[in-house]
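Quick notes on the structure that follows.
Number of protein chains: 2
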Amino acid sequence: MTDFRFDVLARDGAARRGLLKTAHGTVDTPAFMPVGTAATVKAMTPEMVADAGAQMILANTYHLMLRPGADRIERLGGLHRFMNWPGPILTDSGGFQVMSLASLRRISEDGVLFRSHIDGSRHHLTPRTAVDIQRKLDAAITMVLDECTPFPCEEGVAAESMRRSMRWAERSKAAFVTRPGYGLFGIVQGSIYPDQRMESAATLTAIGFDGYAIGGLAVGEGPETTKRITEATTPHLPADKPRYLMGVGKPDDVVAAVLRGVDMFDCVLPTRSGRTGQAFTRRGPVNIENARNIEDDRPLDNRCPCPACRSYSRAYLCHLHRSKEILGAILLTAHNITYYQQLMAGLRQAIAAGSVTAFADAFSEQYTAGDIEAV
Amino acid sequence: MTDFRFDVLARDGAARRGLLKTAHGTVDTPAFMPVGTAATVKAMTPEMVADAGAQMILANTYHLMLRPGADRIERLGGLHRFMNWPGPILTDSGGFQVMSLASLRRISEDGVLFRSHIDGSRHHLTPRTAVDIQRKLDAAITMVLDECTPFPCEEGVAAESMRRSMRWAERSKAAFVTRPGYGLFGIVQGSIYPDQRMESAATLTAIGFDGYAIGGLAVGEGPETTKRITEATTPHLPADKPRYLMGVGKPDDVVAAVLRGVDMFDCVLPTRSGRTGQAFTRRGPVNIENARNIEDDRPLDNRCPCPACRSYSRAYLCHLHRSKEILGAILLTAHNITYYQQLMAGLRQAIAAGSVTAFADAFSEQYTAGDIEAV
Chain A
132 MTDFRFDVLA RDGAARRGLL KTAHGTVDTP AFMPVGTAAT VKAMTPEMVA DAGAQMILAN
192 TYHLMLRPGA DRIERLGGLH RFMNWPGPIL TDSGGFQVMS LASLRRISED GVLFRSHIDG
252 SRHHLTPRTA VDIQRKLDAA ITMVLDECTP FPCEEGVAAE SMRRSMRWAE RSKAAFVTRP
312 GYGLFGIVQG SIYPDQRMES AATLTAIGFD GYAIGGLAVG EGPETTKRIT EATTPHLPAD
372 KPRYLMGVGK PDDVVAAVLR GVDMFDCVLP TRSGRTGQAF TRRGPVNIEN ARNIEDDRPL
432 DNRCPCPACR SYSRAYLCHL HRSKEILGAI LLTAHNITYY QQLMAGLRQA IAAGSVTAFA
492 DAFSEQYTAG DIEAV
Chain B
132 MTDFRFDVLA RDGAARRGLL KTAHGTVDTP AFMPVGTAAT VKAMTPEMVA DAGAQMILAN
192 TYHLMLRPGA DRIERLGGLH RFMNWPGPIL TDSGGFQVMS LASLRRISED GVLFRSHIDG
252 SRHHLTPRTA VDIQRKLDAA ITMVLDECTP FPCEEGVAAE SMRRSMRWAE RSKAAFVTRP
312 GYGLFGIVQG SIYPDQRMES AATLTAIGFD GYAIGGLAVG EGPETTKRIT EATTPHLPAD
372 KPRYLMGVGK PDDVVAAVLR GVDMFDCVLP TRSGRTGQAF TRRGPVNIEN ARNIEDDRPL
432 DNRCPCPACR SYSRAYLCHL HRSKEILGAI LLTAHNITYY QQLMAGLRQA IAAGSVTAFA
492 DAFSEQYTAG DIEAV
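Heads up: the sequence lines are chains A and B, in that order.
Last residue of the first sequence: 506 (my numbering), numbering continuous.
Last residue of the second sequence: 506 (my numbering), numbering continuous.
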């Protein structure tokens with residue numbers, strides 16, 4: 132079994148082109164992980180996800196611990212076998228969903244007590260149980276339990292929350308069972324306060340992790356603040372470890388963060404938008420339901436290699452969405468995942484070629500140019 | 132371009148093994164057509180439908196004339212190009228859905244006036260417009276407009292309805308534009324009255340069609356009556372033309388009708404059940420949501436070649452269904468279509484081998500044996 136390791140192959144400014152090696156395969160970075168909340172990337176078969184270019188996916192500890200249960204997944208041979216995804220899987224710690232979905236949650240120094248949003252059952256998530264559940268799921272990358280500090284958050288409250296997350300990070304590290312090819316990531320918190328972010332980064336680095344996530348962003352602070360805090364954080368993270376900006380984001384947010392030294396991303400945007408009729412294209416987002424598409428025989432994007440663009444017109448995709456047909460969600464999701472993966476491939480190539488700034492400028496110019504002329 | 136033709140390759144009792152040649156390809160019969168109501172077989176890509184073994188699908192005139200519209204589909208190059216299904220497509224006439232879905236419908240000698248169930252718009256479907264719409268859709272097989280006589284129906288009312296359908300059939304024939312490889316099917320009506328079925332069959336045969344459907348069955352009369360009326364009808368249809376039992380049905384109903392000389396079938400059952408958690412297997416229907424499946428690591432059916440049975444456990448399918456995940460609908464629908472296509476392939480092979488009765492007996496014994504033992 133291979134070691135868990137990260138190699139930076141090339142740098143261009145702060146941006147890095149890397150390789151992440153895990154027990155379940157290698158991931159080219161910068162990488163975007165499609166979200167497979169409940170052990171399925173919504174509306175996709177695993178083959179479609181892989182065909183779209185994704186090498187690694189994210190699954191949700193919170194959802195899976197409640198249904199079908201971590202012990203059950205372990206008995207069924209782990210998440211890879213359960214969901215037929217042989218490649219690397221990163222699981223979050225469940226903390227974020229506990230805050231946003233569960234009811235009657237109570238945070239203490241121990242961890243968080245909450246009730247399931249599905250059946251009201253009581254659960255206790257602690258740094259140790261969160262790590263243990265992720266081991267049962269057989270995640271290549273385990274995330275420490277943290278509190279995703281809400282926004283806005285008063286400075287003192289943010290600091291208190293961040294410091295508790297740091298204590299949880301230490302306990303998570305102690306609970307993590309080292310296995311070849313498996314890694315544990317710490318999560319930087321500290322809201323929008325650069326000093327707190329620095330403190331958090333230093334604390335985590337001292338504990339020592341296989342990778343470092345930036346959490347608590349993209350929660351309403353706005354893209355400029357996200358960029359500013361990302362930029363204030365990445366220089367304080369170890370240069371030889373992967374950096375993961377959690378829950379980000381829109382294509383332009385991803386590009387901006389790559390320029391600031393981030394290596395990994397996850398977001399529900401490409402999959403959720405696939406179900407709500409928003410397609411991402413080189414020329415920006417397209418609302419497929421729009422009347423301008425109703426008799427447009429052209430593909431969404433004539434240079435996109437995805438199944439939707441290869442074989443279907445905008446008119447057909449518009450019809451499927453208006454008719455609420457599942458195939459509409461299937462095709463738009465496949466397109467959106469492909470779009471994101473193509474964007475990441477473009478960024479990787481540009482970093483290797485030393486032209487990532489030009490790539491980002493060209494991306495931005497096209498992305499904001501508006502959709503192709505209507506027919 | 133090939134002629135529209137039907138060749139009976141083998142007979143076994145009343146059952147026939149045949150080949151239907153159309154402008155868009157050849158179909159092995161007995162054949163089951165998955166239903167693609169709104170120009171998509173629900174939850175499937177066309178590739179999945181073809182991989183499941185289906186050679187021909189059905190699309191709905193009623194739904195497509197309302198959304199996105201027949202003229203629009205014609206301008207977009209026809210249904211094959213629109214939905215990326217290059218193979219043969221049979222379209223129904225819209226009559227059945229007008230009766231079941233539309234509001235304010237009024238039947239006259241001319242045809243039927245109705246309001247769309249989508250937006251309330253007024254439409255007039257006549258024998259001529261129904262045929263014309265299906266030409267615009269570019270259907271390999273056009274169905275005549277008929278009235279699907281409801282059940283139960285008093286004898287005199289049924290006869291009146293049937294005779295109007297026969298006059299419509301004649302007008303449909305007059306409106307049909309003959310094109311190489313395209314065919315027009317008449318539809319036998321007459322409710323549960325064998326004399327009316329005979330009269331209807333004789334009337335249609337005298338008009339002359341490329342195939343003959345049996346309509347107005349599987350509408351609540353019960354499987355024994357369906358069999359009895361099918362058996363009373365098929366001997367009165369031309370032996371050299373395909374016979375199509377509309378809207379049938381459950382696997383055992385399909386087997387029974389093949390034994391009585393039917394060549395073609397369509398039904399929403401495999402696709403609809405795929406979305407409601409019912410899987411068809413050699414051992415009968417399985418409710419995937421059932422607690423007995425929750426930790427069952429075995430496939431639905433270990434001899435089934437479909438994607439769901441190749442790569443996923445009952446436990447995972449159960450989880451997907453309980454979590455209302457789209458992939459659950461995708462995999463179960465793929466399984467159910469594959470099940471039906473495998474059943475048809477078995478019937479075809481048995482007819483060719485002269486063993487269709489033994490096949491039907493073995494099918495019935497297994498199908499009623501109940502699911503495999505729980506783990």
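Don't be surprised by glycine CBs; every beta carbon is placed ideally from N, CA and C.
| What residues in its chain sit with their C-beta under 7 Å from that of residue 132(A), if we drop five residues either side in the sequence? | Residue confidence for residue 132(A) is low, a pLDDT of 49 falling below 50, so the modelled location carries little weight and cannot support an answer.
| query | Going by other Cβ atoms of all chains shown within 10 Å of its Cβ, with 16 needed for buried, is residue 330(B) buried or exposed? | reply | Buried.
| query | Of the choices 287(B), 359(B), 362(B), 302(B), whose alpha-carbon is the least far from that of residue 338(B)? | reply | It is 302(B).
| request: Report all residues from its chain with a CB closer than 7 Å to the CB of residue 425(B); omit the five preceding and five following residues, and keep chain order. | output: The residues are 446, 449.
| beta strand (DSSP E) segment containing residue 411(A), residue limits | From DSSP, the beta strand (DSSP E) with residue 411(A) extends over 409-412.
| Which full runs of the alpha helix (DSSP H) of 4+ residues lie inside the stretch 395-473 of chain B, going along the chain? | Contiguous alpha helix (DSSP H) elements confined to the stretch 395-473 of chain B occur at 400-407, 438-442, 445-453, taking only those with 4 or more residues.
| Residues near residue 213(B) in its chain [Cβ-Cβ closer than 7 Å; skip 5 each side] | Excluding sequence neighbours, residue 213(B) sits near 170, 204, 207.
| query | Between 195(A), 202(A), 215(A), which lies nearest to residue 224(A) when the distance is taken from Cα to Cα? | reply | Nearest option by C-alpha distance: 195(A).
| Cα-Cα separation, residue 305(B) to residue 298(B) | Taking the straight line from one Cα to the other gives about 11 Å.
| Same chain, Cβ closer than 7 Å to residue 327(A), five either side skipped, listed in chain order | Excluding the 5 residues flanking it on each side, residue 327(A) has same chain C-beta neighbours closer than 7 Å at 289, 290, 293, 321, in chain order.
| query | Is the beta carbon of residue 162(B) sitting closer than 9 Å to the one on residue 437(B)? | reply | For residue 162(B) and residue 437(B), no; Cβs fall outside 9 Å.
| task | Pull out every residue of the stretch 406-425 of chain B whose Cβ sits closer than 9 Å to any Cβ of chain A, in chain order. | result | Here the close residues are 406, 425.
| task | Could you tell me whether any Cβ in chain D is nearer than 9 Å to the Cβ of residue 191(B)? | result | Absent from the structure is chain D; the protein chains it does hold are A and B.
| query | Between 255(B), 233(B), 248(B), which lies nearest to residue 240(B) when the distance is taken from Cα to Cα? | reply | When C-alpha distances from residue 240(B) are compared across 255(B), 233(B), 248(B), the shortest belongs to 255(B).
| task | Examine chain B for any beta-carbon lying closer than 9 Å to the beta-carbon of residue 428(A), and answer yes or no. | result | True, the Cβ-Cβ gap to chain B drops below 9 Å.
| Alpha-carbon spacing of residue 276(B) relative to residue 262(B), whole angstroms | Spanning the alpha carbons of residue 276(B) and residue 262(B) requires a straight line of approximately 8 Å.
| task | Just confirm the distance between the C-beta atoms of residue 144(B) and residue 487(B), as a whole number of angstroms; I'd bet it's less than 8 Å. | result | Their Cβ separation, rounded to whole angstroms, is 7 Å, which keeps residue 144(B) and residue 487(B) in contact under 8 Å.
| field | Proximal residues of chain B, C-beta to C-beta of residue 352(A) below 9 Å | value | None at all; the shortest Cβ gap to chain B is about 31 Å.
| request: Pick out the complete alpha helix (DSSP H) segments inside the stretch 341-390 of chain B, 4 residues or longer, and give them in chain order. | output: Here the runs fully enclosed are 354-364, 382-390.
| residue 423(B) to residue 409(B) span [Cα, whole Å] | If you draw a straight line from the Cα of residue 423(B) to the Cα of residue 409(B), it is about 14 Å long.
| said: In whole angstroms, give me the CA-to-CA distance for residue 365(B) and residue 357(B). | reply: Spanning the two alpha carbons is a distance of roughly 12 Å.
| said: Tell me the rounded alpha-carbon separation between residue 508(A) and residue 209(A). | reply: Summary: the structure shown does not reach residue 508(A), with chain A confined to residues 132 through 506, and so no result is reported for it.
| Nearest to residue 499(B) (by Cα), restricted to the options 192(B), 506(B), 411(B), 465(B) | The option with the nearest alpha carbon to residue 499(B) is 411(B).
| message | Run through the DSSP bridge pairs and tell me what residue 165(B) is partnered with. | response | Residue 165(B) pairs with nothing; no bridge assigned.
| query | Residue range of the alpha helix (DSSP H) that residue 81(B) falls in? | reply | A question about residue 81(B) goes unanswered here, because the residues of chain B that appear run from 132 up to 506.
| field | Length of the line joining the Cα atoms of residue 387(A) and residue 376(A) | value | Straight across, the Cα-Cα distance linking residue 387(A) with residue 376(A) is about 11 Å.
| message | Below 8 Å on the Cβ atoms is my contact criterion, and I expect residue 279(A) with residue 166(A) to pass it. Report the Cβ-Cβ distance as a whole number of Å. | response | 15 Å between Cβ atoms; not a contact.
| query | So, are the CB atoms of residue 368(B) and residue 332(B) less than 9 Å apart? | reply | Their beta carbons are under 9 Å apart, which means residue 368(B) touches residue 332(B) by this criterion.
| field | Minimum Cβ-Cβ distance from residue 209(B) to chain A less than 9 Å | value | False, the Cβ-Cβ gap to chain A never drops below 9 Å.
| query | Quick one, are the C-beta atoms of residue 199(B) and residue 453(A) less than 9 Å apart? | reply | Cβ distance < 9 Å, so residue 199(B) and residue 453(A) count as in contact.
| message | Taking a contact to mean a Cβ-Cβ separation below 9 Å, would you say residue 271(B) touches residue 135(B) in this structure? | response | It is a contact, given that the beta carbons lie within the stated cut-off.
| query | Straight-line CA distance for residue 481(B) to residue 471(B)? | reply | Approximately 15 Å, taken between the alpha carbons.
| query | Taking C-alpha atoms, which residue in 202(A), 197(A), 211(A) lies nearest to residue 188(A)? | reply | Ranking 202(A), 197(A), 211(A) by Cα distance to residue 188(A) puts 211(A) first.
| Excluding five sequence neighbours on each side, which residues of the same chain lie with their C-beta closer than 7 Å to the C-beta of residue 444(B)? | So the list reads 427, 428, 429, 430, once near-sequence residues are dropped.
| request: Give the secondary structure of residue 132(A) by DSSP, where H, G and I count as helix, E and B as strand, and everything else as coil. | output: Caution applies to residue 132(A), whose pLDDT of 49 falls short of 50 and renders its modelled position unreliable; the value that the coordinates give is listed next. In the structure shown, residue 132(A) sits in coil (DSSP, three-state: anything other than H, G, I, E or B).
| Are residue 464(B) and residue 175(B) closer than 9 Å when you measure CB to CB? | Inclusion of residue 464(B) and residue 175(B) in the CB contact set at 9 Å is warranted, their separation being smaller than that value.
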